[in-house]
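Visitor: Take this structure first; my questions come after.
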Amino acid sequence: MGKFLAIVLVLCGVGAGIGMYYLQIYAFYEEVVPNGSTDVQLTAKAAEVPETILYQDYVAIDSESSPIRYRACFTTPTTLQAFADTYEAYAGAVPRVAPGWFDCFDAEAIGAEIANGTAQVFVGQRNFEYGIDRVVAITEDGRGYVWHEVNECGDKAYDGSPLGKDCPPRDGEN
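In case it helps, this note's numbering puts the sequence shown at residues -4 to 169.
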């Protein structure tokens, strides 16, 4: 009877592990259907409103379970220098790891390109969702990547710190 219970416990543990792996890597992600017009936007230096850029080959995933699970890949014919001259840079962005099956988004490779200067990160939209900024990295060869970053207001809001005067009011607050 002891061996039977041990086998049942091991099988339950293995089943729970497989279930947890599936839930984290596959279950909550959904493919984003591109609308063809506002999927990739950047915020110009002279304005605070995002504007659509030229893009193609757009693929993206998202999840309702977390505001930072969004990842997208695209290509653009516009030069990196043209983007740098026109759009607001975003300092300190670090690409978040995507599930392995979403193979166009390699966070480590994107991070290396940002570090060595062959890619730059721009503001897509500040406070896309409260405390979350949408950022866009574009490489010298026209590949682009989009993900969400928790901004300073988001850090404070999620850890319970006082928000400060620079943070916009949250929905339902004055």
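We treat Cβ as the ideally placed atom computed from N, Cα and C, and that holds for glycine.
State the Cα-Cα distance for the pair alanine 253 and proline 157, rounded to the nearest angstrom.
Guide: Given a span of -4 to 169 for the chain in the structure shown, any question on residue 253 remains unanswerable.
Visitor: For glycine 8, does the three-state DSSP call read helix, strand or coil?
Guide: helix
Visitor: Excluding the five sequence neighbours on either side, which residues of its own chain have a C-beta within less than 8 Å of the C-beta of isoleucine 13, listed in chain order?
Guide: none
Visitor: As a quick exercise: from Trp96, Phe100, Pro164 and Asn146, pick the residue whose alpha carbon is nearest that of isoleucine 20.
Guide: Trp96
Visitor: Taking DSSP as the reference, what is the three-state secondary structure of asparagine 169?
Guide: Reliability fails at asparagine 169, whose pLDDT of 48 lies under 50, so the model's placement of it is uncertain and the value that follows must be treated cautiously. In the three-state scheme derived from DSSP, where H, G and I count as helix and E and B as strand, asparagine 169 is classed as coil.
Visitor: In chain order, what residues of the same chain have a beta carbon less than 6 Å from the beta carbon of lysine 151, not counting five sequence neighbours either side?
Guide: Apart from the 5 residues on each side of it in sequence, lysine 151 sits with its Cβ closer than 6 Å to the Cβ of Leu158 in its chain, given in chain order.
Visitor: Is asparagine 122 helix, strand or coil when you go by DSSP?
Guide: DSSP, read as helix, strand or coil, puts asparagine 122 in strand.
Visitor: Give me, in chain order, the residues of the same chain whose beta-carbon lies closer than 6 Å to that of valine 27; leave out the 5 immediate sequence neighbours on both sides.
Guide: Same-chain partners within the cutoff: Ala55 and Asp57.
Visitor: Report the start-end ranges of each beta strand (DSSP E) in the stretch 21 to 58 that is 3 residues or longer and not cut off at the edges.
Guide: 36 to 38, 45 to 47 and 51 to 57
Visitor: Here's the rule I'm using: 16 or more other beta-carbon atoms within 10 Å means buried, otherwise exposed. How should alanine 110 be labelled?
Guide: exposed
Visitor: How long is the line joining the alpha carbons of aspartate 136 and glycine 126, rounded to whole angstroms?
Guide: 31 Å
Visitor: Name, in chain order, the residues that DSSP records as bridge partners for tyrosine 140.
Guide: Cys68 and Ala132
Visitor: Distance check for glutamate 83 and asparagine 169, CA to CA, integer angstroms please.
Guide: Caution is warranted here: a pLDDT of 48 is assigned to asparagine 169, below 50, making its placement in the model unreliable, and the coordinate value is therefore given only provisionally. Between asparagine 169 and glutamate 83, the C-alpha separation is close to 28 Å.
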